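To convert, take the position in the sequence shown, counting from 1, and add 1338; that gives the numbering used here.
Presented below is the structure to which this report refers.
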Amino acid sequence: MKIVHISTYPNGGAGNATIRMHKSLLENGVDSKVITRDYTLDNEGVKAFNASVWFRKVSTLWKMIKILPNIYKADEECEGFSSPLSLYHVHEHKDVKEADVVIVQWVSNFLDYSTFFEKINKPVYLYLHDMNHFHGGFHYSGDVNRFTQYQKLESLFKKIKGKAYTGKDIEVLAPSQWMIDLSQKSELLGGFPHHKMFYGLDPQRVKYHEQSVARTLFNLPEQGRVLLFVSERISNRRKGATLLIEALKKVKFSENISILVVGNYDKSIFDAENVYTTGVLKSEKEMSMAYSASDLFILPSLEDNMPNVMLESLYCGTPVMSFSNGGMKEIINERNGIIISELGVDALAEGIQQWVDHPPVFDRKQIRKEITETFNLKTRGEALKTLINKRLQTI
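Printed below as a string of structure tokens:
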């Protein structure tokens, strides 16, 4: 069985999940390869498309010319709006031609939907890291509702994708039931078979480190408790950074509480004492250290699928506080975290205040044990291999 994954990036949330899925198949004896648009680090079976800088510039210019008649302008407040048009002929790649099955991961501004699905003649899985496979250009429904000025282009892109999907041997994978439910109700993917397929993490690479050692790395006080927040940038409304900042202003912290912030942030914007910032952490070990240094990870996303950061935190035995939405409500419970039923600043502030005043007791070893039993490379690779084998046997 030969599997090829297609992913725009070799890193980031979806990119990391793709590489982990690829490794889970390798671990189960499957011939798996990954094709990415951008340069990739030295990973077994992971290849960049190797387009020249000139080609990339021409591709970007061509894409903009194609969509200019629809008056699309990038907006920093919009998390993502991606074109299904591309000059990259991924279907011509050697690994795609040789594969028995193709898994289309997060492919924005890389895969040309029209030519790819027209030329491909083999089973395809669409993996839903977000909603882009069943939207036109948007990646989450929150932006669909907020940016109505893009509706003309959104409709055009949906038509392009709908035509590309028609009559093709497609099945859909997603890591959360929440995402599956939305996809099954969608115009573009509702008619295709859907399967829940969790992410898998490597227990040897994402693990708990001695808390005193981890805190020393970030110059945190060895005593007391630490709250953790992780997000690349404050402008990402969906991740809830501004909401958390406002909530923290309402919380009365005791002196033994510190806040650790991972991402590109100036700690002054949090308007709170004892704030420590790390900048962007890129390696699994660095992130594992941040989780290990903390007593609670706050994940204030307004909508999210199955965040890698949530799973990584639990892998390190660190409980998670989150709103009751998306894939978070399917994983977080009273044994591994705190679920806030109402979405909003006041509800989040109340939840944090409750943790400050009356800290619950969590068993970090048990948190890790439970999450690693389900979300590990070996188990996830076995499940995906079995699913694909059954499908190939029916062809």
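Ideal Cβ placement from N, Cα and C applies to all residues, glycine included.
All figures in this text were calculated on a predicted structure; none of them were measured in a lab.
Residues near residue i by beta carbon distance below 7 angstroms, same chain, minus five either side
| i | result |
| --- | --- |
| T1710 | P1541 and Y1653 |
| G1480 | R1576, L1640 and E1641 |
| H1429 | T1453, F1454, K1457 and I1458 |
| P1407 | Confidence in P1407 is poor, its pLDDT being 47 and thus under 50, which makes the residue's placement unreliable; the coordinate value appears in the next sentence. If we look at P1407 and ignore the five residues flanking it on each side, it has no Cβ neighbours. |
| T1580 | I1572 |
| F1713 | F1536, Y1537, G1538, L1539 and L1649 |
| Y1603 | I1572 and T1615 |
| N1299 | Missing from the structure shown is residue 1299; the chain here goes from 1339 to 1733 and no further. |
| K1506 | F1455 and V1462 |
| K1340 | D1369, E1436, A1437 and D1438 |
| S1679 | S1662 |
| S1569 | K1577, A1579 and G1601 |
| Y1478 | E1417, D1468, M1469, R1576 and E1641 |
| A1721 | M1535 |
Close-in-space but distant-in-sequence residues of the same chain around residue i (CB under 6 angstroms, 5 per side omitted)
| i | result |
| --- | --- |
| A1512 | L1466 and I1518 |
| K1728 | none |
| R1375 | T1346, F1387 and F1448 |
| S1807 | This structure cannot speak to residue 1807, because the chain is shown only from 1339 to 1733. |
| V1342 | K1371, D1433, V1434, A1437 and V1440 |
| D1701 | none |
| A1585 | V1683, L1686 and A1687 |
| H1360 | H1343, S1370 and V1372 |
| E1622 | R1543 and V1544 |
Residue i - DSSP class collapsed to helix/strand/coil
| i | result |
| --- | --- |
| T1346 | coil |
| T1732 | coil |
| Y1289 | Any answer about residue 1289 is impossible in this case: the structure gives the chain only from 1339 up to 1733. |
| Y1463 | strand |
| T1615 | strand |
| R1563 | strand |
| F1338 | No answer is possible for residue 1338: it lies beyond the span of the chain, which begins at 1339 and ends at 1733. |
| A1437 | coil |
| H1429 | helix |
| L1494 | helix |
| I1572 | coil |
| I1670 | coil |
| G1664 | coil |
| L1558 | coil |
| G1601 | strand |
| S1639 | coil |
| D1695 | helix |
| T1504 | coil |
| I1705 | helix |
| E1456 | helix |
| M1517 | helix |
| S1362 | helix |
Nearest to residue i (by Cα), restricted to the options the options
| i | options | result |
| --- | --- | --- |
| T1346 | K1432, D1438, H1427 and V1445 | V1445 |
| V1551 | E1624, H1532 and S1596 | E1624 |
| R1706 | K1667, Y1629 and V1564 | Y1629 |
| S1626 | F1485, E1560, Q1691 and M1648 | M1648 |
| G1350 | P1638, V1618, L1637 and W1693 | V1618 |
| E1525 | G1474, N1381 and S1621 | G1474 |
| F1495 | P1422, T1615 and T1656 | P1422 |
| A1502 | E1708, L1464 and N1483 | L1464 |
| E1672 | S1651, G1664, N1646 and V1699 | V1699 |
| Y1451 | K1723, G1500, M1659 and S1592 | G1500 |
| L1491 | S1651, F1419, N1557 and N1646 | F1419 |
| Q1704 | T1724, K1587, N1674 and V1544 | N1674 |
| F1556 | P1461, C1416, V1600 and D1507 | V1600 |
| N1783 | P1645, S1651 and M1659 | Since the displayed the chain opens at 1339 and closes at 1733, residue 1783 lies outside it and no answer follows. |
| V1442 | D1633, H1547, T1356 and N1366 | T1356 |
| D1633 | H1431, Q1731, S1424 and Y1546 | Y1546 |
| K1385 | N1366, P1348, G1367 and E1365 | P1348 |
| G1655 | S1606, E1548, P1697 and K1497 | E1548 |
Whole-angstrom C-beta distance between residue j and residue i, which should lie under 8 angstroms
| i | j | result |
| --- | --- | --- |
| I1677 | S1662 | 5 angstroms |
| V1589 | Q1691 | 5 angstroms |
| S1521 | F1476 | So it is not a contact: roughly 14 angstroms between Cβ atoms. |
| F1770 | L1566 | Examination of residue 1770 is not possible in this model, given that the chain is present from 1339 through 1733 alone. |
| N1324 | E1417 | For the chain, the structure presents residues 1339 to 1733; residue 1324 sits outside this window and is missing. |
| A1631 | R1553 | 5 angstroms |
| V1694 | F1591 | 6 angstroms |
| S1660 | L1637 | 4 angstroms |
Proximal residues to residue i (C-beta, below 8 angstroms), its chain only, five neighbours per side dropped
| i | result |
| --- | --- |
| Q1561 | N1594 |
| F1608 | I1583, L1586, I1597 and V1599 |
Any non-hydrogen atom of the ligand NAD within 7 angstroms of residue i CB
| i | result |
| --- | --- |
| H1431 | As for the ligand NAD, it is missing from this structure, which has no ligand bound. |
Residue-level contact to chain B via CB, residue i, 8 angstroms cutoff
| i | result |
| --- | --- |
| I1441 | Protein chain content of the structure displayed is limited to a single chain, and chain B is not contained in it. |
Open item on the list: For the region 1502–1516 against the region 1659–1669, do three or more pairs of beta-carbon atoms, one drawn from each stretch, fall closer than 8 angstroms, so that the two count as touching?
Closed with: Result yes; three or more Cβ-Cβ pairs closer than 8 angstroms.
TODO: Could you say if the region 1593–1602 and the region 1527–1535 meet the contact criterion of at least three C-beta pairs nearer than 8 angstroms?
DONE: By the Cβ rule, the region 1593–1602 does not count as touching the region 1527–1535, because fewer than three pairs are nearer than 8 angstroms.
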